[in-house]
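Worksheet: the structure to be examined is printed underneath.
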Ligand SMILES: [Zn+2]
């Protein structure tokens with residue numbers, strides 16, 4: 002997923018999507034509601050929790066990182082997602098910006114043995130990356146669904 006792709010997709014979407022004048026607050030219900038606007042934050046939150054961005058009930062991923070074919074509950078076709086390397090990019094961005102300053106602080110404060118420092122940070126980086134990767138993937142798929150990017154605009 003490239004950045005210019007996001008910008009292009011969202012800009013074309015915003016011109017198309019404002020035809021129905023929804024000004025009132027979104028209903029709080031998490032039930033399947035595909036006729037109204039697709040709220041962006043709830044969709045991303047459901048994706049983070051490995052849930053279908055539309056109904057919030059069916060699981061999004063099968064296995065660790067593979068996006069399932071469709072939602073087992075509301076039958077939303079997941080195949081339109083284009084997360085590509087976006088989740089990996091965000092994971093590296095977040096883990097790098099957390100761990101690099103932390104490495105500096107730990108080294109300056111405690112001056113640990115190099116091998117101890119390396120071991121702690123190696124395990125920490127891998128663990129945090131493995132934690133974030135599937136969650137960020139779900140978040141990105143949720144974002145793409147909410148903005149109607151790619152095939153999500155016309156299907157699902
Ligand atoms: Zn669903």
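In our numbering, the protein residues as written are 2 to 157. Where is the CB? At the ideal position from N, CA and C, for every residue including glycine. Computed from a predicted model, the values in this text were never measured in an experiment.
Just to confirm, does residue i get its C-beta within under 8 Å of one of the non-hydrogen atoms of ligand 1?
| i | result |
| --- | --- |
| residue 76 | yes |
| residue 46 | no |
| residue 149 | no |
| residue 59 | yes |
| residue 83 | no |
| residue 112 | no |
| residue 50 | no |
| residue 126 | no |
| residue 136 | no |
Exposed or buried, what is residue i when buried is set at 16 or more other beta-carbons lying within 10 Å of its beta-carbon?
| i | result |
| --- | --- |
| residue 23 | In this predicted model, residue 23 has a pLDDT of only 42, less than 50, meaning its place in the structure is not dependable; the value taken from the coordinates is given anyway. Per the 10 Å Cβ criterion, exposed. |
| residue 146 | buried |
| residue 94 | exposed |
| residue 102 | exposed |
| residue 149 | buried |
| residue 115 | exposed |
| residue 131 | exposed |
| residue 57 | buried |
| residue 92 | buried |
Do residue i and residue j have their CB atoms nearer than 9 Å?
| i | j | result |
| --- | --- | --- |
| residue 100 | residue 122 | yes |
| residue 68 | residue 77 | no |
| residue 66 | residue 96 | no |
| residue 59 | residue 52 | yes |
| residue 144 | residue 41 | yes |
Which whole-angstrom value is the C-beta distance of residue i and residue j, which I expect to be below 8 Å?
| i | j | result |
| --- | --- | --- |
| residue 134 | residue 88 | 6 Å |
Could you tell me if the beta carbon of residue i falls within a distance shorter than 8 Å of some heavy atom in ligand 2?
| i | result |
| --- | --- |
| residue 39 | The model depicted lacks ligand 2 and carries ligand 1 instead. |
Cβ contact (3+ pairs, closer than 8 Å) linking the stretch 130-148 and the stretch 46-63: yes
Segment contact, 8 Å Cβ cut-off, at least three pairs: the stretch 78-89 with the stretch 97-112: no
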